Each structure stands twice: as structure tokens, then as C-alpha cells.
Amino acid sequence: MPFDKTDITKLAFQIYKENKSVKKSVLQLAELCVTINKNIENGYDVKPLETDNLVLLIRQDVNGELLKPPQNEIDEVADIIFQENPSKSQLDWYIAEKQLLLNEIKSIVVQKRKNV
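Going by my numbering, the sequence shown opens with residue 14, and the numbers climb by one from there.
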């Protein structure tokens, strides 16, 4: 089930209330982005600090479980995010958006596994 701006806003507020440090938020956003990128075609078009309306195609080699990114890729993306110097509210928003997007990808992968 697709998500909308209201869903993102609600989740972003929940994330805000967790009161995580900027460093933890950046690392979480980086991990979400790299995981998304690993699992969709042309995934590296998904940028950490941008909102995208993409038609997502699950990669052919994603068969039943999400591909896990290596830590060095997460660290590289985290460094890029730190350089952008986003506000905490921006981080919360993009974490919420990417988390909902990753949830969509997970549900597609699970459905794909059931259909195999």
C-alpha cells in the first residue's frame, strides 16, 4: 500500500520524539538509502536528502530477502550527508520517507518470494 505525505509527517514526528543525535540520524538515513539502492534497479538515483517519486523496480537478484549493504558503503553515504549539513528536522523527514519506502520494497520482496 503506497504511502503519502501524511504518513511521512506522522512517522517523522515519531522519529523526532525519539530525540536521537544527529550522528545516529545520519547513520540511520545512510543505511536506509544504501539498502534501498542495493535492492532496486537504478537505485543510486535515490538521493538521501531528496524526495523522489520513482517507479521502483526490484532487482532480479533480490529473491526473497533484501540485499544487505556493506558497512563501508553506509559510511560513505553518511559522510556525504554530514557534508550537506542537514537540519535535524530534515533528517527526521527523510528517515521517515526512506523507512516507508523500504517498507514498500520489503512487502514487494515478500510477495515475490510467495509467488516463486
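The beta carbon of each residue, even a glycine, is placed where N, CA and C say it ideally should be.
If you're wondering where the values come from, they're calculated on a predicted model, not measured in any experiment.
ask   = Would the beta-carbon of K111 fall within 9 Å of that of Y29?
value = In this structure, Y29 does not lie closer than 9 Å to K111 by Cβ.
key: Spatially closest choice to I53 from N32, Q124, L24 and I71, by CA coordinates   = I71
message = Considering Cα atoms alone, identify which of D20, K127, F26 and L45 is closest to L87.
response = As written in the sequence, residue 87 is Ile, which differs from the Leu given in the question. Comparing Cα-Cα distances from I87 to each of D20, K127, F26 and L45, the minimum goes to L45.
ask   = Taking one C-beta from the region 32–48 and one from the region 108–123 each time, how about it: are there three or more such pairs within less than 8 Å?
value = yes
ask   = What is the residue span of the alpha helix (DSSP H) that F16 lies within?
value = No alpha helix (DSSP H) holds F16; DSSP gives it neither H nor E.
message = On the criterion of 16 or more Cβ atoms from any shown chain inside 10 Å, does V90 qualify as buried, or is it exposed?
response = buried
message = Let me confirm a value: V123 is counted as buried when at least 16 other C-beta atoms fall within 10 Å, else exposed. Which label applies?
response = It counts as exposed.
inquiry  = I'd like the list of long-range same chain contacts for F95, defined as Cβ closer than 8 Å, with 5 residues on each side in sequence excluded.
reply    = V39
message = Going by C-alpha to C-alpha distance, which of A109, S120 and I121 sits closest to Q27?
response = A109
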